[in-house]
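Counting from 26, one number per residue, gives the positions in the sequence shown under our numbering.
One structure is given below, encoded as structure tokens.
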Amino acid sequence: MGSRVDYDAPGQWCTTMLYSADGSRLFSCGTSKDGDSFLVEWNESEGKIKRTYSGFRKNATGVVQFDTTRNRFLAVGDDSQIKFWHMDSTNMLTSTEAEGGLPSLPRLRFNKEGNLLVVTTADNGFKVLANANGLRTLRAMEARSYEASRTPLEMKVSSSAMGTSIGPVVSKVERVDSPARPTPSLNGVELMSRGIEKPRNLEHVSEKTKTWELTEIVDATQCRTVAMPDNLDTASKVARLLYTNSGVGVLALGTNGVQKLWKWSRSEQNPSGKATASIVPQLWQPNSGLLMTNDVPDNSEDAVPCIALSKNDSYVMSACGGKVSLFNMMTFKVMTTFMAPPPASTFLAFHPQDNNIIAIGMDDSAIHIYNVRVDEVKTKLKGHQKRVSGLAFSTSLNILVSSGADAQLFFWNTDNWEKIKSVTLQLPAGKTSQGDTRVQFHSDQVRLLVCHETQLAIYDVNKMECIRQWMPQEVLSSSLSCAVYSCNSQLVYATFTDGNIGVFDADSLRLRCRIAPSAYISPASSNRLQLI
């Protein structure tokens with residue numbers, strides 16, 4: 026019978042095995058009786074596990090399904106999502122809910138070319154996700170169908186569910202059994218053919234040159250937007266924006282000191298109840314009709330609005346040049362006010378492990394560590410030369426990082442509040458340290474995203490040194506105004522003073538996508554643009 030290799034499947038239960046398209050790599054995916062899911066790559070000659078991929082939820086209620094594409098990517102249906110891995114990395118690359126409606130363990134399958142992915146839905150239908158090449162395929166099919174029946178499938182371009190996340194970028198197309206629904210377009214990276222047995226489909230272009238091709242979104246038909254309804258006050262400008270930690274709401278702090286909360290709710294169209302551009306959220310107020318209103322001084326033109334939300338979404342604190350106000354998120358009642366100016370507060374941060382401990386960056390360059398319970402400043406941290414513009418806690422390292430308008434980073438020990446080290450940003454030649462510096466920790470609590478008008482940078486806080494840096498260039502040459510990690514820390518979204526938005530890979534800071542202001546801003550409002 027020839028040689029034979031036995032494989033002991035992880036979990037010792039239901040498992041599916043698949044080869045990569047060229048037959049050179051073997052993978053298996055399955056679930057144990059205890060609900061633990063496994064995705065592994067095998068050393069085929071020895072029957073040993075070569076690589077185990079991470080990122081599954083615990084206690085799955087069934088058996089997970091998977092597929093491979095282009096000899097490079099793996100896709101798995103898990104936790105009402107589609108999760109993607111690069112074959113050479115054990116960490117999950119990205120995930121998408123495909124705009125909701127997926128079962129707990131969706132089944133999925135790529136087409137042979139790897140530019141279409143079909144996924145089952147909770148209501149016994151299916152969705153097709155695709156990249157740009159896949160969209161062209163669908164349009165060609167639509168054209169043929171039209172010629173045959175004269176009843177074409179209406180296709181309207183809308184937002185990408187996965188946008189610019191990975192190489193085989195796919196974007197949701199509505200269920201093909203519901204032709205009346207609009208079908209979003211696909212703004213993905215160009216894909217190469219999955220089947221290497223047909224070289225003519227490779228278009229004679231190497232895979233290396235096609236990887237991470239820049240996607241550009243320049244038209245409103247390429248994205249989906251939703252406007253927050255507001256019948257309270259349309260004159261005030263939005264100064265700060267914040268998602269709730271649960272992902273079901275958005276907080277906006279206006280220049281008039283009023284905070285507003287919009288919430289999404291669970292529905293048939295949005296079963297997760299999470300933020301989505303497919304559903305209009307509701308402006309939420311308690312039955313009392315209270316507004317969250319801050320103390321705003323008369324000379325508030327130079328005030329620096331700041332806002333922070335507790336980890337459990339129960340409390341929000343904010344300031345607009347006056348006292349810091351602490352609000353209850355359920356009742357909108359003011360719990361307390363503190364830190365009357367001068368100096369004014371310029372940045373706020375809750376301690377992630379104790380809502381009673383608050384770090385407050387000040388206009389005079391100091392940082393106050395304030396205990397709400399005893400209404401007392403426990404200590405003052407001094408080191409910056411200009412106002413404090415950013416604060417970020419790492420609970421795993423017991424470190425507070427502060428940033429300032431002086432283009433400096435300070436690292437503080439949160440056990441004794443002693444300074445560990447300070448670092449000055451590496452500014453381009455001829456540039457001064459003007460402008461705010463913002464900081465945010467990666468979900469690993471070790472890497473730190475730093476945004477200054479001149480650059481994006483990633484710092485390894487263990488080493489307290491810069492490991493990645495990107496400076497405005499080419500299509501994104503204007504100054505940076507803001508940058509944040511995506512919720513899974515796999516992407517960085519950066520805004521620029523000219524209205525452009527850049528989407529970067531969080532590990533390499535390589536530009537993946539540019540969203541032009543023409544894609545989301547009407548000409549009438551473009552002259553009032555200020556991205557926050």
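We put the CB at the ideal spot given by N, CA and C, even for glycine.
3 or more residues per run - each beta strand (DSSP E) lying fully within the segment 475-508: As far as the segment 475-508 is concerned, its whole beta strand (DSSP E) runs of at least 3 residues are 480-485, 490-495.
Backbone CA spacing between Phe91 and Gly314 [nearest angstrom]: The residue you call residue 91 lines up with position 66 of the sequence shown. The residue you call residue 314 lines up with position 289 of the sequence shown. Rounded to whole angstroms, Phe91 to Gly314 spans 49 Å at the Cα level.
Simplified DSSP assignment, three categories, for His37: Here the question's residue 37 lines up with position 12 in the sequence shown. What sits at residue 37 in the sequence shown is Gln, not His. In the structure shown, Gln37 sits in coil (DSSP, three-state: anything other than H, G, I, E or B).
Inter-residue spacing [alpha-carbon to alpha-carbon] between Thr301 and Glu124: For this step, residue 301 is matched to residue 276 along the sequence shown. For this step, residue 124 is matched to residue 99 along the sequence shown. Cα atoms of Thr301 and Glu124: separation of roughly 7 Å, rounded to the nearest angstrom.
Member of Val399, Ala369, Ala374 whose CA lies at the smallest distance from the CA of Lys411: Along the sequence shown, one-based indexing puts residue 411 at 386. Residue Ala369 is the option with its Cα nearest to Lys411.
Three or more C-beta pairs below 8 Å linking the segment 97-112 and the segment 500-511: No, the segment 97-112 does not touch the segment 500-511.
Whether Leu267 touches Val275 by CB criterion (9 Å): Here residue 267 corresponds to residue number 242 of the sequence shown, with the count starting at 1. Here residue 275 corresponds to residue number 250 of the sequence shown, with the count starting at 1. Yes, the pair counts as a contact, with Cβ atoms nearer than the cut-off.
Short Cβ contact (9 Å threshold) for Gly347 with Pro322: Reading the sequence shown from its first residue, position 322 is the one you call residue 347. Reading the sequence shown from its first residue, position 297 is the one you call residue 322. Yes; because the gap between Cβ atoms is below 9 Å, this pair is in contact.
Opening and closing residue of the beta strand (DSSP E) in which Lys415 lies: Your numbering for residue 415 matches position 390 in the sequence shown. Looking at the sequence itself, residue 415 is Gly, so the reference to Lys does not match. Gly415 -> beta strand (DSSP E) spans 413-419.
Opening and closing residue of the beta strand (DSSP E) in which Trp309 lies: Residue mapping note: residue 309 aligns to position 284 of the sequence shown, counting from 1. It spans 307-309 - the beta strand (DSSP E) in which Trp309 sits, taken as one unbroken run.
Exposed unless 16 or more other CB atoms sit within 10 angstroms - verdict on Ala186: If you number the sequence shown from 1, residue 186 lands on position 161. Residue confidence is low: Ala186 scores 37 on pLDDT, short of 50, so the model does not pin down where it sits. Its coordinate-derived value is still stated next. Label assigned to Ala186: buried.
Three-state secondary structure assigned by DSSP to Gln515: Residue 515 sits at position 490 when you count from the first residue of the sequence shown. It is coil, neither helix nor strand.
Cβ-Cβ separation, Leu163 to Ala155 (assumed contact under 8 Å), whole Å: Taking the first residue of the sequence shown as 1, we reach residue 155 at position 130. Taking the first residue of the sequence shown as 1, we reach residue 163 at position 138. About 6 Å separates the beta carbons of Ala155 and Leu163, which is inside the 8 Å limit, making them a contact pair.
Which of helix, strand or coil DSSP assigns to Gly159: Working through the sequence shown from its first residue, we reach residue 159 at position 134. In the structure shown, Gly159 sits in a helix (DSSP, three-state: H, G or I).
Cβ neighbour criterion (16 or more within 10 Å) applied to Gln480: Locating residue 480 in the sequence shown gives position 455, counting from the first residue. Burial check for Gln480: the Cβ neighbour count within 10 Å reaches 16 or more, so the residue is buried.
Residue of Gln247, Val341, Asn441 minimising C-alpha distance to Met354: On the sequence shown, position 329 is the one that residue 354 refers to. Val341 is the residue among Gln247, Val341, Asn441 whose C-alpha sits nearest the C-alpha of Met354.
Of the listed residues Thr41, Met387, Gly524, Asn136, nearest to Leu160 (C-alpha basis): Reading the sequence shown from its first residue, position 135 is the one you call residue 160. Taking each of Thr41, Met387, Gly524, Asn136 in turn and checking the Cα distance to Leu160, the smallest one comes out for Asn136.
Among Glu138, Thr119, Val65, the one whose alpha carbon lies nearest that of Gly36: To locate residue 36, count along the sequence shown from 1; it is residue 11. Among Glu138, Thr119, Val65, the Cα nearest to that of Gly36 is on Val65.
Top-ranked residue by Cα proximity to Ser49, from Val89, Thr94, Thr41, Gly87: Within the sequence shown, numbered from 1, the residue matching residue 49 stands at position 24. The option with the nearest alpha carbon to Ser49 is Thr94.
Element boundaries [beta strand (DSSP E), containing Gln433]: Indexing the sequence shown from 1 puts residue 433 at position 408. It spans 433-438 - the beta strand (DSSP E) in which Gln433 sits, taken as one unbroken run.
Which listed residue (Phe357, Met364, Pro311, Thr280) has its alpha carbon closest to that of Glu326: Residue numbering aside, residue 326 sits at position 301 when the sequence shown is read from its first letter. The residue with the shortest Cα to Cα distance from Glu326 is Thr280.
Sub-9 Å separation of Val413 and Leu450 beta-carbons: Your numbering for residue 413 matches position 388 in the sequence shown. Your numbering for residue 450 matches position 425 in the sequence shown. Here Val413 is not near Leu450, since their CB atoms are 9 Å or more apart.
Among Asp431, Phe418, Gly429, nearest to Trp437 - alpha-carbon criterion: If you number the sequence shown from 1, residue 437 lands on position 412. Trp437 has its Cα closest to that of Phe418, out of Asp431, Phe418, Gly429.
Cβ-based neighbour list, Glu478, same chain, cut-off 6 Å, excluding 5 preceding and 5 following: Your numbering for residue 478 matches position 453 in the sequence shown. Cβ within range, chain order: Gly460, Ser504, Leu505.
Own chain residues within Cβ distance below 8 Å of Val339, not counting five before or after: Walking along the sequence shown from the start, residue 339 turns up at place 314. What sits at residue 339 in the sequence shown is Ser, not Val. Within the same chain, Ser339 has close Cβ partners Asn353, Met354, Met355, Asn380.
Cα-Cα separation, Gln284 to Asn270: Indexing the sequence shown from 1 puts residue 284 at position 259. Indexing the sequence shown from 1 puts residue 270 at position 245. Those two C-alpha atoms are separated by around 17 Å.
C-beta atoms of Val329 and Asp400 nearer than 9 Å: Counting from one through the sequence shown, the residue named residue 329 turns up at place 304. Counting from one through the sequence shown, the residue named residue 400 turns up at place 375. Contact check for Val329 against Asp400 fails: the beta carbons are separated by 9 Å or more.
Span separating the alpha-carbon of Trp287 from that of Asn312: Position 262 of the sequence shown, counted from the start, is the residue given in the question as residue 287. Position 287 of the sequence shown, counted from the start, is the residue given in the question as residue 312. A straight-line Cα-Cα distance of about 15 Å links Trp287 and Asn312.
Close-in-space but distant-in-sequence residues of the same chain around Thr115 (CB under 8 Å, 5 per side omitted): One-based indexing of the sequence shown puts residue 115 at position 90. Taken in chain order, the residues that qualify are Arg76, Thr77, Tyr78, Ser79.
Rounded separation between Asn149 and Asp104 - CA only: As a working note, residue 149 is residue 124 in the sequence shown. As a working note, residue 104 is residue 79 in the sequence shown. Roughly 17 Å between the two C-alpha positions.
Outcome for Arg539 when other beta-carbon atoms lying within 10 angstroms are tallied against a minimum of 16: Counting from 1 along the sequence shown, the entry for residue 539 is found at position 514. By the 10 Å Cβ count, Arg539 comes out buried.
Which of helix, strand or coil DSSP assigns to Gln247: As a first step, residue 247 must be located in the sequence shown, where it is residue number 222. Correct three-state label for Gln247: helix.
Beta carbon of Cys39 nearer than 9 Å to that of Val101: The residue labelled residue 39 in the question sits at position 14 within the sequence shown. The residue labelled residue 101 in the question sits at position 76 within the sequence shown. Taking 9 Å as the Cβ cut-off, Cys39 and Val101 do not qualify as a contacting pair.
Residue burial classification, Tyr44 (beta-carbon count within 10 angstroms, cutoff 16): Translated into positions along the sequence shown, residue 44 becomes position 19. Exposed, since its Cβ has fewer than 16 Cβ neighbours within 10 Å.
Distance between beta carbons of Gly415 and Ser390, contact taken as under 8 Å: Here residue 390 corresponds to residue number 365 of the sequence shown, with the count starting at 1. Here residue 415 corresponds to residue number 390 of the sequence shown, with the count starting at 1. Ser390 to Gly415, Cβ: 13 Å. No contact.
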